[in-house]
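Notes for the one structure printed next.
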Amino acid sequence: METYKPVRVLIAENQRDLSDVMSELIDTEPDMQCVGQVSDASQVVAAARNSSANVLILDLMLQGGSGLPLVEQLTSALPGLRVIIFSGLAGSDEVAREAKRRGAAAILTKGCDFQLLLQTLRSTTSEAAAS
């Protein structure tokens, strides 16, 4: 018998209001759990490691630096972590290509429907489990 484990989501977002809304949304889903929120680039790697997150929702514009260099660092240090870029900059083809090249599992533009975010969290996690 398999033990049910919710998707553990860490949010790295510089806008606290948006981060709080995403956290509340995730926590209303029976198969997901928000395990933390950070806003500073210097906190992301430690928070991902300490929270045992499966998925990181990563803004590219964080306090203290860009989230883009963190993608490669995170996917190298924590190979089981799936990184979803959630940023206003994600609409740029160049940024999207670079994020994918560095290891991002998915890229969403801020302002997208939150249902798309939830769907992406689920599909990204199920892809990781299948591989």
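First residue of the sequence shown: 25, per our numbering; consecutive thereafter.
By construction, the Cβ of each residue, glycine as well, lies at the ideal position given by its N, Cα and C atoms.
Keep in mind that this is a model prediction, so the values were computed, not measured.
Query: In whole angstroms, give me the CA-to-CA distance for S150 and K29.; Result: 12 Å
Query: Just curious, the alpha helix (DSSP H) that Q61 is in, first and last residue?; Result: From DSSP, Q61 is part of no alpha helix (DSSP H) but of the beta strand (DSSP E) over M56 to V62.
Query: Quick check on DSSP: helix, strand or coil for A154?; Result: For A154, the predicted model reports a pLDDT of 46, less than 50, meaning its position is unreliable; a value from the coordinates is still stated below. If DSSP states are grouped into helix, strand and coil, A154 belongs with the helices.
Query: Opposite I109 in the DSSP bridges: which residues?; Result: L82 and I131
Query: Taking C-beta to C-beta, are F138 and L49 nearer than 8 Å?; Result: yes
Query: Report the rounded CA-to-CA distance for I108 versus C58, giving the unit in angstroms.; Result: 14 Å
Query: Taking just the CA atoms, how far does E118 sit from Q61?; Result: 27 Å
Query: In three-state DSSP terms, what is S116?; Result: coil
Query: Using C-beta distances below 8 Å, list every residue in its chain close to R125, excluding the 5 sequence neighbours before and after it, in chain order.; Result: none
Query: Using the rule of at least 16 other Cβ atoms within 10 Å of the residue's Cβ for burial, across every protein chain shown, is G91 buried or exposed?; Result: buried
Query: Determine the closest residue to Q87 out of V69, D64, V79 and S100, with distance taken between C-alpha atoms.; Result: D64
Query: In terms of residues, what are the limits of the beta strand (DSSP E) holding L34?; Result: V31 to A36
Query: Skipping 5 residues on each side, what residues in its chain have a beta carbon closer than 8 Å to that of S75?; Result: R32, L34, V59 and G60
Query: Under a three-way DSSP split, which group does S76 fall into?; Result: coil
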